[in-house]
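Peer 1: Just so we're aligned: the sequence shown equals residues 40 to 162 in the working numbering.
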Amino acid sequence: MIDRKSRDIAQHLLTRYLSGELTPEEFESDWSAKISSSRDAAIAAIEWAAWFTYSDIGERRTRPANPGSYERALLERCVRFLATNDEYDWGDPSPKRLRTVFRDVASTAIWPFSKHDIGKGDL
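1. Apart from the five residues on each side of it in sequence, which residues of its chain come closer than 6 Å, Cβ to Cβ, to Leu61?
2. With DSSP collapsed to three states, give me the class of Arg78.
3. Between which two residues does the alpha helix (DSSP H) harbouring Trp129 extend?
4. Only counting the same chain, and skipping five residues up and downstream in sequence, which positions put a Cβ closer than 7 Å to that of Ile41?
5. Please return the same chain residues whose Cβ sits closer than 7 Å to the Cβ of Trp90, not counting the five positions on each side in sequence.
6. Is Leu121 helix, strand or coil when you go by DSSP?
7. Under 7 Å Cβ to Cβ from Lys73, same chain only, skipping five residues before and after it: list those, please.
8. Here's the rule I'm using: 16 or more other beta-carbon atoms within 10 Å means buried, otherwise exposed. How should Arg43 be labelled?
9. Decide if Ser76 is buried, meaning its Cβ has at least 16 other Cβ atoms within 10 Å, or exposed.
In structure tokens form, the structure reads like this:
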């Protein structure tokens, strides 16, 4: 099920987080308050993907990753995916499974959310 409203909110929050406008704590708080109850599986998967990119300890206003890093590339792909109306195709978005799926996403042709690769060279 695609939840367009939640995807738009998630895209906005991730973009602000990537730009350094939101600390991890602010990002997590806003995400929880605004969209964590969405039934769109992509929302849960992306929430976990973002969580793997920052520390829960301490509040700091910093970019979540250096340009060109695995983490940043992953979150940029998530932002682009949220603009689509593609279904999330990768099953249960549990943390244990997602860690495996996302581990090499930036250095391979795998697209973690749909069966086709959109905008691969546009990072």
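Beta carbons: idealized from backbone N, C-alpha and C, even for Gly. Since the model is a prediction, treat every value here as computed from it, not as a measurement.
Peer 2: Considering the structure as presented:
1. For the purposes of this step, residue 61 is taken as residue 22 along the sequence shown, with counting starting at 1. So the qualifying residues of the chain are Arg55.
2. What you label residue 78 is simply residue 39 of the sequence shown in a count that begins at 1. Correct three-state label for Arg78: coil.
3. Within the sequence shown, residue 129 is the residue found at index 90, counting from 1. That residue, Trp129, is in no alpha helix (DSSP H); it is neither H nor E in DSSP.
4. For the purposes of this step, residue 41 is taken as residue 2 along the sequence shown, with counting starting at 1. Asp79, Asn124, Glu126.
5. The sequence position of residue 90 within the sequence shown is 51, counting from 1. Excluding sequence neighbours, Trp90 sits near nothing in its chain.
6. As a working note, residue 121 is residue 82 in the sequence shown. Helix at Leu121.
7. On the sequence shown, residue 73 is found 34 positions in, with the first residue counted as 1. The answer, listed in chain order, is Ile48.
8. Translated into the one-based positions of the sequence shown, residue 43 becomes position 4. Exposed, because fewer than 16 other Cβ atoms sit within 10 Å of the Cβ of Arg43.
9. Numbered from its first residue, the sequence shown carries residue 76 at position 37. Under this definition Ser76 is an exposed residue.
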